[in-house]
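Residue numbering for the sequence shown follows my numbering, starting at 30 and increasing by one per position. First up is the structure itself, then whatever we jot down about it.
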Amino acid sequence: MAMRRLLITTAFLVGMSAAAAPAQDAILPASVIFATSTGYWEDDGNSPAIERAPSGGEAIAKPGEKGAQRHGYYKLFAVRQPDKTSKIYLQQIAQAESGPAIVSTIELQEFSDLKPYVTDIRPENSTGIIKQPGLFATIYLKTDPAAEPNGWTVMIDEFGDITVEKATN
């Protein structure tokens with residue numbers, strides 16, 4: 030009887046862990062190797078989502094409609110590619126009553142052009158959401174796997190303009 034109970038319990042636990050594995054994969058892909066959420070943004074609901082090449086600032090809301098005030102934070106993350114280099118993405122996340130919602134996702138082409146090996150991503154500080162609009166984070170990367178990592182900064186000013194540059198000491 031004890032052996033049968035042990036066998037049934039083992040089969041149950043194996044089944045539960047097998048069922049739980051796909052759910053965990055769906056939460057965060059294994060190819061996401063570094064991520065940080067930092068910065069702050071807000072708008073009147075009529076602003077375009079963050080983009081690299083502004084296309085004239087067309088409004089999201091229809092003329093005459095009042096947009097809802099929105100605010101949120103940014104997420105910066107590295108996704109490992111099959112060749113072990115990484116692509117860096119920037120997301121604009123809205124904080125809504127129903128929870129966080131992705132407003133936009135863009136690839137930071139400056140990094141993709143380097144074919145970097147990312148070693149870390151760090152926010153300006155780790156105290157939580159900042160109340161001043163913008164973002165400042167440092168991405169540590171190598172362009173040669175045998176080299177020492179260099180810091181690169183990603184900055185977003187209060188107007189939403191993105192700057193990517195090699196960090197200076």
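Ideal Cβ placement from N, Cα and C applies to all residues, glycine included. Nothing here was measured: the structure is a model prediction, and the numbers come from that model.
Non-local C-beta neighbours of I122 in its own chain, meaning closer than 8 angstroms and more than five positions away in sequence, comprise S66, G101, Y102, Y103, K104, P129, A130, I131, V132, ordered along the chain. The three-state secondary structure of E139, taken from DSSP, is helix. Of all alpha-carbon atoms in A78, T148, A196, the one lying nearest the alpha-carbon of F188 is that of A78. DSSP, reduced to helix, strand and coil, places I150 within a strand of the structure shown. In the DSSP assignment, A64 falls within the beta strand (DSSP E) that extends over 61 to 72.
Within the region 95 to 126, the complete beta strand (DSSP E) segments of 3 residues or longer fall at 99 to 109, 115 to 125, listed in chain order. Comparing C-alpha distances from S155 to each of L57, A64, S60, I56 shows the shortest one belongs to A64.
For F140, same chain residues with a beta-carbon under 6 angstroms away, outside a window of 5 residues either side, are I117 in chain order.
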